[in-house]
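Okay, structure first, notes after.
2 protein chains.
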Amino acid sequence: MLRPLRLAPLLRRYFSSVTPRFPCVEAHATRESRLASIASSSSGPEPPYARPSPTSYAVFQSSTPLPLTYSSFSLPTFDIAYETWGTLSKAKDNVILLHTGLSASSHAASTRANPSEGWWEKFIGPGKPLDTNAYFIICTNVLGGCYGSTGPSSIDPETGVPYATHFPVLSIFDMVRAQFRLLDHLGIDRLYASVGSSMGAMQSLAAGWLHPERVGKIVSISGTARSTPSSVAMRYAQRSVLMADPHWNNGFYYDGLPPHTGMKLARQIATITYRSGPEWDARFGRQMRALPEDAAPDTPRVPALCPEFLIETYLDHQGEQFCLKYDANSLIYISKAMDLFDMTRPALDALRIPEATLPPDANGRLHPHMVSYSKSHPPPTNPPTYLPELAQGLAPLARTPTLVLGVQSDILFTIEQQRELVDALRTAGNDRVVYYELGGVWGHDTFLLDVLNVGGAIRGFL
Amino acid sequence: MLRPLRLAPLLRRYFSSVTPRFPCVEAHATRESRLASIASSSSGPEPPYARPSPTSYAVFQSSTPLPLTYSSFSLPTFDIAYETWGTLSKAKDNVILLHTGLSASSHAASTRANPSEGWWEKFIGPGKPLDTNAYFIICTNVLGGCYGSTGPSSIDPETGVPYATHFPVLSIFDMVRAQFRLLDHLGIDRLYASVGSSMGAMQSLAAGWLHPERVGKIVSISGTARSTPSSVAMRYAQRSVLMADPHWNNGFYYDGLPPHTGMKLARQIATITYRSGPEWDARFGRQMRALPEDAAPDTPRVPALCPEFLIETYLDHQGEQFCLKYDANSLIYISKAMDLFDMTRPALDALRIPEATLPPDANGRLHPHMVSYSKSHPPPTNPPTYLPELAQGLAPLARTPTLVLGVQSDILFTIEQQRELVDALRTAGNDRVVYYELGGVWGHDTFLLDVLNVGGAIRGFL
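Protein chains in written order, with our numbering: chain A, 1 to 462; chain B, 463 to 924.
As structure tokens, then:
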């Protein structure tokens, strides 16, 4: 009788001698080789963010230095890239300044010069929530960004090379002040409205705060007037993985390879905060990626350590798509500006915000007992301890009609932050606050997706 | 008249010539130098996880191969490190098997052999929730771990060097089956209870599922019977940053430097999921680290790109503390096992779980209409679509008294998951499910901190 061949130990021995492979890790080296070969060929393209096409947007070039919140030095010169939609009225009284989120360009909607779809395409146009038949809409690339406005990747006139991390730390107020320089340049004295989502909502509030007399209405969608430690934590995690990439090189990577792997990892983390658990469960559940077509149909599936679940391949894909589209230093500086944003009165007092005229003591303007609460405007339950300080900080906004819109499934700018903003504005004496709370599973990204509800609220408010 | 000296441009020129420094990034290189110098000195210590002190715990060494869920190969031999508290009764009927979370060792409480504090020190002892006057408590280091049990850092008998990523992908069921081999060895036929939190709760459920006749009671604290895509996403982000560290080297780092920077970054991300936003707001708020003592008192604070907020220095510190205490490959394998855990019936059917005897068709055992709902046991509102499949998968647990405890502020194992587990068990016909929902701000870590409520619930249930 033949002795049965003991195959398993032989196979195990064989597999022990084969070096395991990890395509998800090899992808970093592959990307690096590709980038290096492009960099070494003289005709190779630079990353898209370093290829401004000034024909597709306008650039306001200021040679008047811009004093900054956190720096003893002014920015000697600066550019602000911008695009517009609709027609400026003769009285110049129909202007909406639209602020972007962290990584967006001025391209909010398609234009003749750039017909590709914008990041708020469905919200801007004739008859749309930002109605170009009625309004003249301006959107800028933010100061610190990399899509045509001055940021860390711009040439420092002092040295002739990119600023890199010689660039000064920015505040949200600095960004808004640069935008008002553009408005001055365009001869626009007053905004019909200041509109923004996410970081754009911070800017929208900051605009009304810096220039109460120049901002007619404020729209704040999924934003906050005070960044929470948990949102700081998520952004810190992103900056950490990015700065740990050796290619980051303390920010001096512009003549070499950018920290593409760090950017990919950072974007993966960010992406987790943009949607919600319920959305992923409905969209991906526990589905795994399809097996290769040549896999035997009844092969038992041995899980890999690289992405297997669709949620993993989704994050991988989002990171990969983003990692060369945006400048790493811009990400670091702008995410830091978001962390630093805090409109409580003591925090504002500690800043040196040029041109700001905070009322000497806002206490006198507080009317906590004069706020009329109703069923639709209930008094805050369990308000945070800093609510009075936030109300004091927001005192300059007491007269400005404000739309606050929040999403219950948002894990980055939580619904509690939307409520505290509303409560603080009302406590500051603002009786023209409109508040909407949206359900749904889209989380923070709702402002990009929900034209019906977000767009409807904006249309009604404007 | 003297022309005023224009100092700012000179200063700016000076600062443009100074290379910016980033202590948080330099820390990685400093750590690396320190590790390298230790590694090169012949007497230098290995990382703590590679220094088992077999006098402080017992080791069960099995030379009977362990078949695995996801592998054609068995583990030829394996060790399970364990510690015990209390006295085994003559009838061996007072045994509680305590399961750990991802990164814990068998050292749940101090012992004579190891008097240092354990991770559940306040829960184990005479008169404590796990009362050593009544029970004999066993805690193991999990299979795949690095504190005395066989894992990727163990020597592969086939090659004489550490398995590294030749180690097979594990399931939670494999871990539990290794534990039952230990129970067999100790002559323990039946557990009084199987108790665990977090990943330990998964094991606790898996133990009752594999051996319904050998498990008297089940305690599941802040666990789940089906990992959600959002928890997979958070663990994937951790594995990604770890595997991207060049020192990870496809898992083969045991004769070189471990991926300490990747481990630190991974732990930072993990730490974000262990507490809650409200806790951080109460504990840290927006406070910043203290300035150096020699800083001028009225120096305006220029924010750095490195950690400034206490929430950032907290994450930094947690990452730094952990990065050399645990084996990177163990983290990868065990976190993957958590992702793969899914007790819905179709998922279980797709596995090849050795020794498991899933009832041929659990449908007949489902009594969805026989579940008695009351005010304290309301019917599920908005149950997930997979609830019937989860109930089918949990059918073997239909007769086992089970305590489910969840925390409303837990963002990793959400309260919805606790409710779905309870609903699934009840739908499976289990009318002995006790359910507690805790408030508070401690999030997932509540099980480590809240002796009063978590301990009280356990004591009452046992």
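Glycine included, every Cβ here is placed at the ideal spot set by N, Cα and C.
{"Query": "contact_flag[the segment 99-108 of chain A, the segment 390-398 of chain A] where n(CB pairs < 8 Å) is 3 or more", "Result": "no"}
{"Query": "Against chain B: residues of the segment 309-320 of chain A by CB proximity under 7 Å", "Result": "Phe309, Ile311, Glu312 and Leu315"}
{"Query": "Runs of beta strand (DSSP E) wholly within the segment 540-588 of chain B (minimum 3 residues, chain order)", "Result": "540-547 and 557-561"}
{"Query": "Beta-carbon spacing of B:Thr602, B:Ala663 below 8 Å", "Result": "no"}
{"Query": "Residue environment, A:Ala36, which counts as buried when at least 16 other CB atoms sit within 10 Å", "Result": "exposed"}
{"Query": "Contacts around B:Thr806, its chain only, beta-carbon distance under 7 Å, and the 5 residues preceding and following it disregarded", "Result": "Arg688, Tyr848, Glu851, Leu852 and Gly855"}
{"Query": "Residues that DSSP places opposite B:Thr602 in a beta bridge", "Result": "B:Tyr544"}
{"Query": "Beta-carbon spacing of A:Leu97, A:Ser230 below 8 Å", "Result": "no"}
{"Query": "C-beta neighbour in chain A for B:Leu524, strict 8 Å", "Result": "One detail in the question is off: residue 524 of chain B reads as Ser in this sequence, not Leu. No, because no Cβ of chain A sits closer than 8 Å to the Cβ of B:Ser524."}
{"Query": "As assigned by DSSP and simplified to three states, the class of B:Leu648", "Result": "coil"}
{"Query": "Neighbour-count burial assignment, B:Asp943, 16 or more Cβ in a 10 Å radius", "Result": "Shown here, chain B extends from 463 to 924; a query on residue 943 of chain B therefore has no answer."}
{"Query": "Under 8 Å between C-beta atoms of B:Thr690 and B:Gln880", "Result": "no"}
{"Query": "Simplified DSSP state of B:Tyr776, which is helix, strand or coil", "Result": "helix"}
{"Query": "Close beta carbons around B:Ala626, own chain, < 7 Å, minus the five adjacent residues each side", "Result": "Pro614, Gly713, Phe714, Tyr716 and Asn791"}
{"Query": "Simplified DSSP state of B:Gln523, which is helix, strand or coil", "Result": "strand"}
{"Query": "Supposed close pair B:Asp789, B:Val694 - CB separation, criterion 8 Å", "Result": "The Cβ separation is near 21 Å, so there is no contact."}
{"Query": "A:Val241 versus B:Phe923, B:Val487 and B:Arg921, residue with shortest Cα-Cα distance", "Result": "B:Val487"}
{"Query": "Environment of A:Lys264 [buried if 16+ CB atoms lie within 10 Å]", "Result": "buried"}
{"Query": "Buried versus exposed call for B:Asp756 [16 or more other C-beta atoms within 10 Å across all chains shown]", "Result": "exposed"}
{"Query": "Residues bridged to B:Thr876 [DSSP beta-bridge criterion]", "Result": "Paired residues: none, contrary to the question."}
{"Query": "Distance CB(B:Gly902)-CB(B:Val866) smaller than 8 Å", "Result": "no"}
{"Query": "Selected residue, minimal CA-CA separation from B:Asp872, among A:Pro212, A:Gln318, A:Gly277 and A:Tyr333", "Result": "A:Gly277"}
{"Query": "Backbone CA spacing between A:Pro354 and A:Ser40 [nearest angstrom]", "Result": "44 Å"}
{"Query": "Under 9 Å by beta carbon: chain A residues contacting B:Gln730", "Result": "Ala233, Tyr236, Ala237, Ser240 and Val241"}
{"Query": "Contacting positions in the segment 106-124 of chain A - beta carbon closer than 8 Å to chain B", "Result": "none"}
{"Query": "Three-way DSSP call (helix, strand, coil) for B:Trp620 in this model", "Result": "Sequence check: residue 620 of chain B is Glu here, not Trp. Three-state DSSP puts B:Glu620 in coil, outside helix and strand."}
{"Query": "Partners in chain B for A:Ala244, counting only beta-carbon separations shorter than 7 Å", "Result": "Val487, His490, Thr723 and Leu727"}
{"Query": "Straight-line Cα distance separating A:His317 from A:Arg275", "Result": "15 Å"}
{"Query": "Start-to-end residues for the beta strand (DSSP E) that takes in B:Thr735", "Result": "Per DSSP, B:Thr735 belongs to no beta strand (DSSP E); it is in the alpha helix (DSSP H), His722 to Tyr736."}
{"Query": "Residues of its chain near A:Asn453, where Cβ-Cβ distance is below 7 Å and the 5 sequence neighbours each way are ignored", "Result": "Leu438"}
{"Query": "Any C-beta of chain E under 8 Å from that of B:His628", "Result": "In the structure shown, chain E cannot be found, because the protein chains are A and B."}
{"Query": "Endpoints, beta strand (DSSP E) assigned at B:Ala860", "Result": "Premise fails: B:Ala860 is in no beta strand (DSSP E) and is neither H nor E."}
{"Query": "A:Glu279 in three-state terms, based on DSSP", "Result": "helix"}
{"Query": "Length of the line joining the Cα atoms of B:Ala575 and B:Arg643", "Result": "24 Å"}
{"Query": "Sequence-distant residues of the same chain with beta carbon closer than 7 Å to A:Thr84, five excluded per side", "Result": "Phe136, Ile137 and Ile138"}
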